[in-house]
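Trainee: Quick note: the sequence shown, position 1053, residue 1264 per my numbering, numbers continuous.
Note that CB positions come from ideal geometry on N, CA and C, so glycine has one too.
Input: one structure, supplied below.
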Amino acid sequence: MAPSTANHTGKKKKQLEKYIEKKLKKEERVGILEKLVRTQAEIPSSLHLQSSAVLGSGRAARYALKRSADESADTQESRPQKTRKVKNGNWTHQKSRHEPEPDSDSDTSFDSSDSAYDSSENEGDTVEDVNANRVEVKQSDAPRKGCHDVDDPSPGPPKRKTMGFKEWARQQIDAAKGFKTKENGSDDQQAVVPELPSPRPLAKEKKTVDAKGEWRGPLGEDLSIPATTFAEKLLNKPGSKGGIDTASTTGTTSSSPPQKNKAMAVKRPPEVDEARLLLPIVAEEQPIMEAILLNPIVIICGETGSGKTTQVPQFLYEAGFGSPGSDNPGMIGITQPRRVAAISMAARVSHELSLTSSHVSYQIRYDATVSPQTSIKFMTDGVLLRELATDFLLTRYSVIIIDEAHERSMNTDILIGVLSRVIKLREEMWKEGKEGAKPLRLVIMSATLRVSDFAENKTLFAVPPPVINVSSRQYSVTMHFNRRTSPDYVTEAIKKTTKIHTRLPPGGILVFLTGQNEIMSVCRRLEARFSRKAIEVRKKGRATAFIRWNNNANATGDDSVRVAPTQVDLEAEDIDLGESIPEELTSDADDGQKSEDPEALDSDEEQQLDQELGLIVDEETDVPMHIVPLYSLLPSEKQMKVFQPPPPDSRLVVVATNVAETSLTIPGIRYVVDCGRAKERQYDVSTGIQAFRVNWISKASAAQRAGRAGRVGPGHCYRLYSSALYENHFDSFSQPEILRMPIEGVVLQMKAMHIDAVIKFPFPTPPDRATLQKAEKILCYLGALKQSLTAGAEITQLGRTMALFPLSPRFSRMLVSGQQHECLPYVIAIVSALSAGDPFVHEEALLDEDGNGTDEDLSELEHITSDAIRIKETRRLRRKAFFQTQNLHASLGKNTSDIFKLLSVVGAYEYAGGGHRFCEEHFVRPKAMEEIHKLRAQISNIVQANFPGLDAGFMVKLVPPTDLQIKVLRQLLAAAFIDQVAVRKDKIDNTNLSGTQYSNSKGVPYRAMGITEDVFIHPSSLLIGIPPPEYIIYHEIVRTTRIWLKGLTVINPTWLSALGRPSLCTFSKPIKNEQGFMMCIPRFGLDAWELPPIKTDAV
């Protein structure tokens, strides 16, 4: 028995040690709880501390009301304290509802956490007091009594359901604070309860405002309300009860009756509702609308595809914006940088809202569907700028949305700067209570996070506007870089597109190139190989070859079955996507390339390996391509083809410029081929020389292009450049347009808006001071501004008239002065043609897209059977007809002006009634001619509206101008381009003393005003084939291999002395000539070119 007794004694000893340890822990917890109770008792009751279990649930308000009611019902008399029974786990305990101080020798309800989760074998053990022995307690036994209720003869209350942890924790906190609650219908208890403030109303929404005006979110956090007039008016609005009214933002005072909120009910098609649920922007509707209602300016950042362009106008429409009778009856205006985006977005939003085009309208330069019922209006940014010129406060609008602000176009930057001032004026008028005054809100939407120029610009926005970031509906896109950067990116794009089409699963392909010529070349080469017609021809050829081979096999008795290499079924591991990369690199920019990408579909190393092995591998497939080009000059109906689904058995291939980068979301794209380049116009401020150069895009643009592959599912982006080049030579963001374009038109518009100190205008990115000075100097040359000693350059009456036209100041100058000798119709035609761009097809693009000639050409070549000879003869006939039409139109003005060639083709187009037939015969682009026609009508209407007594002279059929009118038109051109004069170099250097005669103008140097280098007549000019004139004016100057002058007109040097006064022309002292007349010698320009003498009377 000795060992058994020893074991028993050891077991008891362990149990006793364990008991003592647990008891010490319990006593330590009791001490901590006492300190907690004392600390909470010292906290002022005004803090309204709440249990974490009730935060955001609305129960806290009910508890406050209950406690207040209990306090008012209590009397000063003491009442017998009731006991309550708490059950948790397998222990029970009765205690007083309110104890002045916990007894360290008794169990408390907090001990349940220990006993309930104790891992010892005696899990149900409890303690009576310090010196009590351990007693086994069964769940069926009667509950023990605590040290405070041992004398209570009344039986315990009936058992109730076990409380959850949150309810138990709430009771403990209520007990520690001294709060009273009713349980199981028991009577109220008497206790010292902290004084409570007046109860606040029950919350009906997650975000409520208490009696002190403190806003709290769903988790009890404090919400800061912006210190804006909108927030102040909204909170003080009668009937708002502290909540956010998302349907109204009126400035009604407390004395006025509450206005009825007007929210528009929208019934969308079921498929639209399903599609909207997938857009990330829809999940952010509440914070977006709260920000718009509480702030005058809001910035929304969301990548392309998040739905911001189509959904934010719908949010505003449903909240009552744009609805007559609501608090914000003005239209919802959305600006787009491109016309195609404005038209397509209006159609999409109209469809989703189930509204007609009269309610959701668009307005571009020549077309509009706006009506008095319009609520949502999509427009180009230039249209809104024109409206600002006539209605500076934009009284027809309640909110303006500037979309695609990340592109930083010049019009967008100017709009944001002007609207930042218009919003302040509208808000001040609204605060003053002027009749009919309503506030204006501005929403700036960007597809990138480059918003610091807006949000952190103190001169633009004194108070930084809130920025809301919206996640994109973006699937993962795998990036594939080329090992080497090929200079022939067009050929590389074709190779990459071919490999994607023949090797990878279905999905649309989007190829980014730089211009129209590259796009049409790639489309022709891909169609020649993967069009449905080419595949059918290839199938017939394979069938014929197989029959021939089968016949040969039968003749020789060979029964083996042979399969062409392109017809073999391949497993995934058999597909070779790239071999080792050659070590030699063609460019230093590719040094530092990261690890090799085996799935990049590189072409160079595969071709090299095939050549070394003597293999001829031809990527073939029987799946046709549905190839669609996309660029800005493409007619609108052809641009819309990218949104149409391709035939079910073909793959969509879109070859586009950067127009497809952000403005449009093309459905079904899974693969993107990015050449990494874009063609941009660069402008030299000092010389005025412009250059169209193909440069590397920015990293932000590359990310936008790659994101196109992740709209419908996981995609791939194949970049035709190395990662080292991308990391080291790509800028983070593209340069704003205002830094690389002439801005004299912008300065004139601002001066017309009474913004005299243009240098102080809040540009998001201000232009250089030199650029502004150059713009003001040009406007002074044109007579639109005059220098003032006190206020700088001031606008003249001529300048205000010029600002009425949505044109370049030079063209406006021609219109204002073109009323003499009935030349206005011809001036309007010239200005329209120069604004729209060169309509003539270039010589290298004589063949149409199909590679065939016209019907007349084909009829002449019916006897030719060889395809190669027929194509060659077709090209010859087309070139012959091309030069014949060029000479025909150049004859107007006797080959003295390239501008008159434009006038001739415009007049012929109008006289013939237009049409594609005329464009084909005269080698002009139909879209350009249609644009010229629309612009001509628009300018005529502007002239008629602003000059009622003047006949605009709009004639459907223009007759050719007379010789006198030709001379006047040349003088008008000289006045408009008075600072763009070029003189033959030998004339001013006196180097041609021998009297050398030139047969043509090829290679003859000229000197242009303000340019130190030699300039030359462009080979495309009509003047290239005639002897070089002495003085010419030019429309534009570009730099390629040389500095070329384009758009030339021969002028008389004597005109310069009259047109250049007083800023460009100076005169010598009068001298009497041989005939006895007083003559003076004028000197023109910055270099003081000597002009022919003129009579003093003419000065």
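Between the C-alpha atoms of proline 548 and serine 609, what's the straight-line distance to the nearest angstrom?
Mentor: Rounded to the nearest angstrom, the two C-alpha atoms are 21 Å apart.
Trainee: If you scan the region 638-720 from start to end, which runs of the alpha helix (DSSP H) of 4 or more residues do you find wholly inside it?
Mentor: Correct list: 663-666 and 700-714.
Trainee: Which residue wins for smallest C-alpha separation from glutamate 1132, given the options Leu1099, Ile1153, Gly1160 and Asn1106?
Mentor: Looking at the Cα atoms, Leu1099 is the closest of the given residues.
Trainee: Where tyrosine 992 and glycine 921 are concerned, what is the direct C-alpha to C-alpha distance, given to the nearest angstrom?
Mentor: Cα to Cα, tyrosine 992 sits roughly 52 Å from glycine 921.
Trainee: Please classify asparagine 1157 as buried or exposed, where buried requires at least 16 other C-beta atoms within 10 Å of its C-beta.
Mentor: Exposed.
Trainee: Give the straight-line distance between the Cα atoms of proline 540 and isoleucine 587, rounded to the nearest whole angstrom.
Mentor: Spanning the two alpha carbons is a distance of roughly 11 Å.
Trainee: Helix, strand or coil: how does DSSP classify threonine 1277 here?
Mentor: Here threonine 1277 sits in strand by DSSP.
Trainee: To the nearest angstrom, how far is it from the Cα of glutamine 1097 to the Cα of alanine 558?
Mentor: Answer to the nearest angstrom: the Cα atoms are 41 Å apart.
Trainee: Would the region 524-540 and the region 694-705 be scored as touching if the rule is three or more Cβ pairs under 8 Å?
Mentor: No, the region 524-540 is not in contact with the region 694-705.
Trainee: What did DSSP end up calling leucine 1169 once you bin it into helix, strand or coil?
Mentor: In the structure shown, leucine 1169 sits in coil (DSSP, three-state: anything other than H, G, I, E or B).
Trainee: Using the DSSP secondary-structure output, state which residues sit across from asparagine 906 in a beta bridge.
Mentor: Note: asparagine 906 sits in a beta bridge opposite Ala889.
Trainee: Rank Leu1045, Val748, Val958 and Glu729 by C-alpha distance to the C-alpha of methionine 1140 and give the top, closest one.
Mentor: Out of Leu1045, Val748, Val958 and Glu729, Leu1045 has the C-alpha closest to the C-alpha of methionine 1140.
Trainee: What number of angstroms, rounded off, separates the C-alpha of alanine 1148 from the C-alpha of threonine 1173?
Mentor: If I take the Cα positions, the gap works out to 23 Å.
Trainee: Evaluate contact between the region 948-956 and the region 972-986, counting only Cβ atoms and requiring at least three cross-stretch pairs below 8 Å.
Mentor: Yes: the two stretches touch, three or more of their Cβ pairs being nearer than 8 Å.
Trainee: Hey, would you say phenylalanine 589 sits closer than 7 Å to tyrosine 577, going by beta carbons?
Mentor: In this structure, tyrosine 577 does not lie closer than 7 Å to phenylalanine 589 by Cβ.
Trainee: Between the C-alpha atoms of isoleucine 384 and isoleucine 243, what's the straight-line distance to the nearest angstrom?
Mentor: Approximately 14 Å, taken between the alpha carbons.
Trainee: Which residues bound the alpha helix (DSSP H) around proline 1303?
Mentor: Run containing proline 1303: none; DSSP gives neither H nor E here.
Trainee: With DSSP as the reference, label leucine 566 as helix, strand or coil.
Mentor: Three-state DSSP puts leucine 566 in coil, outside helix and strand.
Trainee: On a Cα-Cα basis, can you pick out the residue from Thr521, Leu247, Leu630 and Ser537 that is closest to alanine 386?
Mentor: Nearest option by C-alpha distance: Leu247.
Trainee: Starting from the Cα of alanine 444, find the closest Cα among Glu638, Arg916 and Tyr528 and give me that residue.
Mentor: The sequence as given places lysine at residue 444; alanine does not occur at that position. The candidate whose alpha carbon is nearest that of lysine 444 is Glu638.
Trainee: Between aspartate 1316 and the rest of its own chain, which residues show a CB-CB distance below 8 Å, the 5 nearest in sequence each way excluded?
Mentor: No information on residue 1316 is available, as it lies outside the stretch 212 to 1310 that the chain covers here.
Trainee: What residues in its chain sit with their C-beta under 6 Å from that of alanine 911, if we drop five residues either side in the sequence?
Mentor: Excluding sequence neighbours, alanine 911 sits near Thr659 and Phe944.
Trainee: By alpha-carbon positions, which one of Asn1263, Ala968 and Pro1230 ends up nearest to tyrosine 1242?
Mentor: Answer by Cα proximity: Asn1263.
Trainee: Pairs of beta-carbons, one from the region 1206-1220 and one from the region 1188-1198, closer than 8 Å: are there three or more?
Mentor: Cβ pair count under 8 Å is three or more, so yes.
Trainee: Three-state secondary structure (DSSP) at phenylalanine 1022?
Mentor: Residue state, collapsed to three classes: helix.
Trainee: When the distance is taken between beta carbons, is leucine 604 closer than 7 Å to threonine 546?
Mentor: Against a cut-off of 7 Å, the Cβ pair of leucine 604 and threonine 546 comes out as no contact.
Trainee: Given that a residue counts as buried once 16 or more other Cβ atoms are within 10 Å of its Cβ, and exposed if not, what is serine 631?
Mentor: The residue is buried, with at least 16 neighbouring Cβ atoms inside 10 Å.
Trainee: Cβ of phenylalanine 526 within 7 Å of Cβ of methionine 542?
Mentor: Their beta carbons are not under 7 Å apart, which means phenylalanine 526 does not touch methionine 542 by this criterion.
Trainee: If you count every other CB in all the chains shown that lies within 10 Å of the CB of asparagine 622, and 16 or more means buried, which is it?
Mentor: Answer is buried; the Cβ neighbour count reaches 16.
Trainee: Does proline 524 come out as helix, strand or coil in the three-state DSSP assignment?
Mentor: Three-state DSSP puts proline 524 in a helix.
Trainee: Provide the residue span of the alpha helix (DSSP H) that contains glutamate 1142, from first to last.
Mentor: Note, glutamate 1142: alpha helix (DSSP H), 1137-1157.
Trainee: Please list, in chain order, all residues of the same chain as aspartate 979 whose beta carbon is under 8 Å from its beta carbon, the five residues on each side excluded.
Mentor: Hits under 8 Å: Val896 and Leu950.
Trainee: Could you please give the first and the last residue of the uninterrupted beta strand (DSSP E) stretch that includes alanine 1004?
Mentor: Counting along the chain, the beta strand (DSSP E) containing alanine 1004 begins and ends at 1003-1006.
Trainee: Can you round the beta-carbon distance between threonine 520 and aspartate 614 to whole angstroms, since I take them to be within the 8 Å contact cut?
Mentor: Sure, about 6 Å apart at Cβ, within 8 Å.
Trainee: In or out: serine 263 buried (at least 16 other Cβ within 10 Å) or exposed?
Mentor: Annotation note: pLDDT 45 at serine 263 (below 50); position unreliable, coordinate value reported separately. The residue in question, serine 263, is exposed, as its Cβ has fewer than 16 Cβ neighbours within 10 Å.
Trainee: When you compare the CB positions of valine 688 and cysteine 928, do they come within less than 7 Å of one another, or not?
Mentor: A contact, by the Cβ cut-off of 7 Å.
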